[in-house]
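Undergrad: This is the structure I want to talk about, given as structure tokens.
Structure, rendered in structure tokens:
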């Protein structure tokens, strides 16, 4: 079987300014096919080679492939559809298959627009593509396609989407074939070296409302660091790669694995440099490790700072503050790592003043680089559901981060674009001078290389698609190039949605009813869990992080606390304690629950009782309900309480946590609480024990706690040691903790504490 993989010829003027990027989907999917026995595979990069439709038709006609695979992100979708139409025009017998983020969610619309497409791959492509290809080679695909998970197709003019295929459980099973790429084409301009885009991790535990990657991957997973560095070593030694970008939404979230990755790179002495995208909170968390990251070759970090005002950060459901952003930039710069900040522009409330504010921030933070990305509401993102009727431009070819899709309420699209370009011009004019004075020789060379790439693409007008701007005398005209037939009024948008509900994005992988045997429905549940993964599916490969290993040194703590000063104080104080590290952070219950369920490797979670979106009780209860099926089945939970709020303290016991402590407790006490909780020994703050005891005594004897349990609380309230308590109660020290655990369980279930909860706002 002859298989042709095509990267469609689409250009936008965004990431291409830094060079030619390899299409990493091709080696990963192609490698899976080769491993499955399909060896006659060719990849054509029409994008990097700028292959015209006519030239592509000749390639296809000469090759007569049996199957053609193409990919599509949203702005590429029309060109991808045209590419597969060319295939059918010159080779009608060829099976056409499309995959990628946009077709995954918009398969109904794609098949309606392009009925010449035989199959849509929905989601992670390797395993689905192999299954589909096996059916095609056997000639049974049309007969058996309803039993192939994770695809969509037309049948008698109607769209059929089979149930979702589960995410790949073990990413170590990936077998990319990097030989498919013509490596001389993929040059990273700033360093003038070959560039690769490998996968270390897939998915994201966070759910920023403008993003959809967490929906696409459905599950956060990462590869074993040693095996991944084997792949990097192959790229360096066999293909002469000098720079790589991790194609991951959140490579640093599982800190022990990221540390292990860095140690492995250092030990191999590969002399390769690399860059990542990550969150501000992870940089703050990893302050002590940044020198190690730089030693491992990490030289470029792009931070999702996103917006100019805290209001916008909240809208995007980001977990950071303006001060956090500034500090993260400083930490990176202090450690010789290029700090790039990203701003999202063009929301409804954008004004000339807010555009100017982003420029002032970029300068004030002293960022090495800055990008101003136009707000692009993917038609399958959560934010699109809120603003969709205001997005009159439905021409997806311009959903490219450099074109104003939404029109702000108070300025025109032209004013928005001019303001952003003015920011770029001023910012990099300053950098033209500043880069020369960078004291680090490598970083200076790298920064000047970035500047060279920026200037080159500005002169040839590829940067930000500058060719659409025409200067006529003293007047500047902008032609956005929108397809006018795809610009709709609010009324037309509503009418179209009502007339064609079947074209709506399928963001939950719901599929359409099929006659697939029941066993498939049982193995692949259709309901989507809070973390975005199908219920019942969890990642077994990361369970080794639960045991102490070289990757997992000390107690890893989740910190879920919304008060910034408290969070920073606890973060810094706990990280100063030997054997304790802050694993990850969240500032609300929703993101906190995603962390607890999806980010494997945590030992103890500190959960603030009073979070802004939900009470900590709800968070803990929600986690407890599904904990055995999550990535942290052994995670211990400690509630953080505010002093002088007795009612809140009493209601906290309905959560069923392992320990309870005041957040104002001395750090030595909190450290001991974490150690005890991690060891499976419950803890209750002495002051809290006194409050409980005084309330319990107002009820009939033994209604809430037994006499022995009340005596236990009385001794705890006087800060007696376990040995002293055991002696007083005439029991063993082990029985002291068992008695306390039973006491907490009784408090959790008692009508007394349940009644106090009714007086506390849980949501």
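Residue numbers (this note's numbering): 247 to 1009. No residue lacks a Cβ here, since even glycine has one placed at the ideal position from N, Cα and C. A quick note: this is a predicted structure, and the numbers were derived from the prediction, not measured.
1. Per DSSP, which residues does residue 316 bridge with? Please list them.
2. According to DSSP, simplified to helix, strand and coil, what is residue 636?
3. Can you tell which of 698, 659, 656 and 892 has the C-alpha that lies nearest to the C-alpha of residue 675?
4. Between the stretch 385 to 403 and the stretch 359 to 375, do three or more beta carbon pairs fall short of 8 Å?
5. If you reduce the DSSP assignment to three classes, tell me which class residue 861 lands in.
6. If you run the structure through DSSP and keep just helix, strand and coil, what is residue 308?
7. Please go through the same chain and pick out, in chain order, the residues whose beta-carbon is closer than 8 Å to the beta-carbon of residue 713, but skip the five residues on each side of it.
8. Among all the DSSP beta bridges, which residues are the ones paired with residue 290?
9. Would you call the stretch 812 to 823 and the stretch 907 to 921 touching, i.e. three or more CB-CB distances under 8 Å?
10. Hey, quick one: how far does the alpha helix (DSSP H) through residue 389 stretch, first residue to last?
11. So, for residue 839: in the same chain, excluding its five sequence neighbours on each side, which residues have a beta-carbon less than 7 Å away from its beta-carbon?
12. Alpha carbon to alpha carbon, how far is residue 700 from residue 1014? Give it in angstroms, no decimals.
13. Over the uninterrupted beta strand (DSSP E) stretch that includes residue 401, give me the two end residues.
14. Nearest to residue 832 by CA position, among 858, 805, 849 and 815, is which residue?
15. Span of the beta strand (DSSP E) holding residue 804?
16. If we count the other Cβ atoms within 10 Å of its Cβ and call it buried at 16 or more, is residue 980 buried or exposed?
17. Whole beta strand (DSSP E) runs in the stretch 445 to 524 with 3 or more residues, listed along the chain?
18. For a test of the three-state rule: what should DSSP assign to residue 280, helix, strand or coil?
19. Alpha carbons only, please: which of 249, 261 and 269 is nearest the one belonging to residue 285?
20. By a C-beta neighbour count over all protein chains shown, 10 Å radius and 16 as the cutoff for buried, is residue 742 buried or exposed?
21. Relative to the C-alpha of residue 898, which residue among 842, 992, 843 and 339 is closest?
22. How big is the Cα-Cα spacing for residue 367 and residue 416?
23. Would you identify the three-state DSSP class for residue 1019, choosing helix, strand or coil?
24. From this set, 681, 960 and 512, which residue's C-alpha is nearest residue 579's C-alpha?
25. Do the stretch 466 to 484 and the stretch 502 to 514 touch if we need at least three Cβ pairs shorter than 8 Å?
26. Return the CA-CA distance between residue 292 and residue 640, expressed in angstroms with no decimal places.
27. Confirm the yes/no value for this check: CB of residue 895, any heavy atom of the ligand GTP, distance under 7 Å.
28. In whole angstroms, what separates the C-alpha of residue 506 from that of residue 468?
29. Taking only the alpha-carbon atoms, compute the straight-line gap between residue 952 and residue 958 and give it to the nearest angstrom.
30. Please list the terminal residues of the continuous alpha helix (DSSP H) segment that includes residue 331.
31. Straight-line CA distance for residue 247 to residue 312?
32. Give the single residue among 422, 599, 294 and 490 whose Cα lies nearest to the Cα of residue 668.
33. Can you give the Cα-Cα distance for residue 322 and residue 575, rounded to whole angstroms?
34. Residue range of the alpha helix (DSSP H) that residue 671 falls in?
35. Which of helix, strand or coil does DSSP assign to residue 432?
36. Would you decide whether residue 717 is buried or exposed? Buried here means 16 or more other CB atoms lie within 10 Å of its CB.
TA: Result, derived from the coordinates:
1. 252 and 344
2. helix
3. The candidate whose alpha carbon is nearest that of residue 675 is 698.
4. yes
5. strand
6. helix
7. 707
8. 252
9. yes
10. 387 to 390
11. 776, 865, 868 and 869
12. The displayed coordinates of the chain run from 247 to 1009. Any statement about residue 1014 would go beyond what the structure contains.
13. For residue 401, the uninterrupted beta strand (DSSP E) segment begins and ends at 397 to 401.
14. Closest option to residue 832, Cα to Cα, is 805.
15. 801 to 806
16. exposed
17. 487 to 491 and 519 to 524
18. helix
19. 249
20. Residue 742 is exposed by the Cβ-count criterion.
21. Minimum Cα-Cα distance from residue 898 among the listed residues 842, 992, 843 and 339 corresponds to 992.
22. 20 Å
23. Residue numbering for the chain in the displayed model covers 247 to 1009; residue 1019 lies beyond these limits and cannot be assessed.
24. 681
25. Yes, the stretch 466 to 484 touches the stretch 502 to 514.
26. 25 Å
27. Among the ligands in the structure shown, none appear at all, so the ligand GTP cannot be discussed.
28. 12 Å
29. 10 Å
30. 323 to 336
31. 6 Å
32. 599
33. 33 Å
34. Start and end: 659 to 680.
35. coil
36. exposed
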